[in-house]
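Undergrad:
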Amino acid sequence: MSETTTVPRVVLVTGAASGMGAGHARALAAAGWRVALADVSDPGPVVAEIEAAGGQASRHVLDVTEPEQWTKTIDEVTAAYGALHGLVNNAGISRRMRFMDTSEEVWRQVLAINLDGPFYGIRAAAPLMRESGGGSIVNISSISGQIGYFSPSYSTSKWGLRGLTKSAAGELAGWGIRVNSVHPGLVETPLLAGADGFVESAVASVPLGRMARPEEITAVVRFLLEDASSYMSGSELTVDGALVSNGLYHRILTEMEGELS
Ligand SMILES: NC(=O)c1ccc[n+]([C@@H]2O[C@H](COP(=O)([O-])OP(=O)(O)OC[C@H]3O[C@@H](n4cnc5c(N)ncnc54)[C@H](O)[C@@H]3O)[C@@H](O)[C@H]2O)c1
1 MSETTTVPRV
11 VLVTGAASGM
21 GAGHARALAA
31 AGWRVALADV
41 SDPGPVVAEI
51 EAAGGQASRH
61 VLDVTEPEQW
71 TKTIDEVTAA
81 YGALHGLVNN
91 AGISRRMRFM
101 DTSEEVWRQV
111 LAINLDGPFY
121 GIRAAAPLMR
131 ESGGGSIVNI
141 SSISGQIGYF
151 SPSYSTSKWG
161 LRGLTKSAAG
171 ELAGWGIRVN
181 SVHPGLVETP
191 LLAGADGFVE
201 SAVASVPLGR
211 MARPEEITAV
221 VRFLLEDASS
231 YMSGSELTVD
241 GALVSNGLYH
251 RILTEMEGEL
261 S
C-alpha cells in the first residue's frame, strides 16, 4: 500500500466465519477497511453483522487447501473492489495429538490447511496486491512455531509458516508487499474449547497470568497491515504474555515459592 493511499483499503481475511478471524474482520471494517471474509464455512452472518454496523464487507466461500478456489476468490475480490492491499492468512486448525498418535491423515490435513493454504493464498493474492500499489500480508502462526511443541502436525505447520513468511518477504519486497508473522500464545477462542485441563495447566506458565483476549491479537494484526509498520517485513511478533521467553522460570519460581531467597 502506498503511503499516500486515500481510497478505502481492501483486506482479505481467511477463516473469517468464526473465532479470531471474525474478530479481525469486524475490527478492520470498523477501522474503515473494506473486508473480504473468506472461510470454508459460510462467513455470511459475520458479513451481515459488519454491514449492519455500517461497514463494507463481502462473503467468499473458500477452502484454503484448494488453489483453484483461491483463484476464484481473488477474481471475486477483483470484481468487487478492483484492488487488494492486505491479506490475513488466519484460517487454521489445531490437533493436540501426541507424536506417536498422529496419523498420516491428520498430518496431511493440518499441513494442508495451516501451511499449503497460506502458500496458495500468497501466490494468488500477490499479483493483485502489486497492481494495487503494494500491501501487507500477515500470517497467523503460533508460539508452537517458535518452540518444540508436542503435537507434530500443528507445530511443524506453524514453524513452516514462519519460514514461508521470511521467504515471501524477500521475494515480494520488490513488489512493495510486506510479509510478517504473528505468534499468539493461548487465546480465548473456540479453538481451545473443551481443553480446560490443558488451558489451566498452560496458563500456569504464562507470566502475565491469563490467556490473551482475541482483540489483543487483532491489534497486532492491524498494526502489521497498516502504515505504522511500514518498515517491517520478514519479522515475527510474539503475542504470548511472555510465555515463550519466561514461561519455564515463571513456573519453576512459582513452584518453589518461599524456597528461594
Ligand atoms: N486460539 C488460540 O489459542 C491460538 C493460538 C495461536 C495461534 N492460533 C491460530 O490463530 C488462527 C485462528 O484461530 P482461532 O482460534 O480463531 O480458530 P477457530 O477454530 O475459532 O477459527 C478457525 C476458522 O478457520 C476456518 N477454516 C478451517 N479450515 C479451513 C479451510 N480449509 N479453509 C478455510 N477456512 C478454514 C474455520 O471454519 C474457522 O472459521 C489459527 O491459524 C490458529 O492456528 C490460535
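Each residue of the sequence shown is one higher than the one before, counting from 1 in UniProt numbering.
For every residue, glycine included, the Cβ atom is placed at its ideal position computed from N, Cα and C.
These figures come from a predicted structure and were not determined experimentally.
#1: State the start and end residues of the unbroken beta strand (DSSP E) segment that holds Ile237.
#2: Could you give the distance in angstroms between the alpha-carbon of Ile93 and the alpha-carbon of Pro207?
#3: Within 7 Å: the Cβ of Gly21 and any heavy atom of ligand 1?
#4: Assuming contact is defined by CB atoms lying nearer than 8 Å, are Val110 and His24 in contact in what I supplied?
#5: Apart from the five residues just before and just after Thr73, which ones in its own chain have a Cβ nearer than 8 Å to its Cβ?
#6: Considering Cα atoms alone, identify which of Glu105, Glu236, Asn180 is closest to Ser153.
#7: If you follow the beta strand (DSSP E) that Ala38 is part of, which residue opens it and which one closes it?
#8: Just to confirm my understanding: we take Thr65, look at its own chain, exclude 5 residues before and 5 after, and list those with CB closer than 8 Å. What are they?
#9: I need the DSSP call for Pro184, collapsed to helix, strand or coil.
#10: For His250, collect the residues of the same chain with a Cβ closer than 7 Å to its Cβ; drop the 5 residues on either side in sequence, then sort them by chain order.
#11: Can you check which of these residues, Glu215, Glu171, Ala57, is closest to Ser233 by C-alpha distance?
#12: Would you list, in sequence order, the uninterrupted alpha helix (DSSP H) runs of no fewer than 4 residues that lie entirely inside the stretch 165–229?
#13: What did DSSP end up calling Ala16 once you bin it into helix, strand or coil?
TA: Based on what the coordinates show:
#1: Just to set this straight, residue 237 is Leu in the shown sequence, not Ile. Note, Leu237: beta strand (DSSP E), 236–239.
#2: Taking the straight line from one Cα to the other gives about 26 Å.
#3: Yes, Cβ of Gly21 sits closer than 7 Å to a heavy atom of ligand 1.
#4: It is not a contact, given that the beta carbons lie outside the stated cut-off.
#5: Only Leu12, Ala36, Ala38, His60, Leu62, Ala124 meet the Cβ criterion.
#6: Its Cα nearest to that of Ser153, the residue Glu105 stands out among Glu105, Glu236, Asn180.
#7: Where Ala38 is concerned, the enclosing beta strand (DSSP E) stretches over 34–39.
#8: Excluding sequence positions up to five before and after Thr65, its CB lies within less than 8 Å of the CB of Ala112, Ile113, Asp116, Gly117, Tyr120, all in the same chain and listed in chain order.
#9: Collapsing the DSSP output to three states places Pro184 in a strand.
#10: These residues qualify, in order along the chain: Ser205, Pro207.
#11: Selection Glu215, Glu171, Ala57 evaluated against Ser233 yields Glu171 as nearest (Cα-Cα).
#12: You should have 196–203, 214–225.
#13: The answer is coil: DSSP assigns Ala16 none of H, G, I, E or B.
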